[in-house]
Amino acid sequence: MQFIKRTNYVVTLISALWLSVPHAGPHAQSTTPKTMTIRADSWEIDGQAAQRQMTGNIVAKYGPLSLKAATLTEKTKGETKILYATGNPIIVETYDDVTKRQVVAVANKIEYRVQDKKLLLTKRARIQIKENGDQEILITGQLIQLIHDDRRITHLQASGEPVTFKQATPKNTIEATAERLTLDEISGLMTMKAGHMQRGVDQFSFPFLRYNTRTGDLEASAEASHRPELHFSGNQEKTNH
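The working numbering puts the last residue of the sequence shown at 1603; the count rises by one with no breaks.
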């Protein structure tokens, strides 16, 4: 085992350890950098266990992700590289220069599967999605999964009892709880299962809901096929029988 400890030590890892799986297709190219830069107070390597551990004031940057944590451990399982981060809290940030949207993920424990570009957040997990510096969406859950591409967060899934969702719009505030939530961050389309929503003065429960976080279009489906579906678009509401 090799142990290194220096103040404000910068570690640059350059190898297949940090490479993501290339996108499919003959013309597809990945623009994710092949290096992860980590700033930490100490760095420990266990060659036999194929493990690296960094501790103290960690700031890591890789592709679109920026991570701050107390400890960061990299483990090798076959060909899979997994990072485990802990902190009180851990903060992961991405910012899309094109859409001007910022995603801030906060949790006390994070698992990052590098090849899959997938983050798993547990313990006090929450997501803030901001646009032009203003908070737009807040999501909390017992388990939150994020998937990113070379530029931004693309998909989000939250589960737990309950998942909470809040969005402030110019017209009103939308709040909801559910068993499960999925969000396509590129299109803004969200689905929720088995929950309750309040939008302005309107309240309703639903077994399944589709909601566009960009346009405000909403569709809540009843549990049985013969019952009506409620369709919302802006301030309009109609019932289909």
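Every residue, glycine too, gets a C-beta built ideally from N, C-alpha and C.
Assignment of ARG1513 by DSSP, reduced to helix, strand and coil, places it in the coil class. Residue environment: GLU1547 is assigned as buried (16 or more neighbouring CB atoms within 10 Å of its CB, all protein chains considered).
Proximity of the region 1525-1541 to the region 1558-1578 meets the contact definition, three or more beta-carbon pairs being nearer than 8 Å.
If you ignore the 5 residues before and after LEU1505, its C-beta comes within less than 8 Å of the C-beta of LEU1482, LEU1483, THR1484, ALA1487, ALA1520, SER1521, GLY1522, all in its own chain and listed in chain order. Apart from the 5 residues on each side of it in sequence, GLY1550 sits with its Cβ closer than 8 Å to the Cβ of ASN1574, THR1575, ARG1576, THR1577 in its chain, given in chain order. Here DSSP, grouped into helix, strand and coil, assigns LYS1533 to coil. The beta strand (DSSP E) runs lying completely inside the region 1450-1475 and spanning 3 residues or more are 1463-1475, given in chain order.
In the three-state reduction of the DSSP assignment, VAL1563 falls in the coil class, being assigned neither a helical nor a strand state. For ALA1422, the uninterrupted beta strand (DSSP E) segment begins and ends at 1413-1424.
Judged by DSSP in its simplified three-state form, GLU1541 adopts strand. Contact annotation: THR1397 and PRO1426 have beta-carbon atoms that are not nearer than 8 Å. DSSP, reduced to helix, strand and coil, places GLU1441 outside both helices and strands of the structure shown, so it counts as coil.
Around the CB of GLY1440, fewer than 16 other CB atoms lie within 10 Å, so the residue is classed as exposed.
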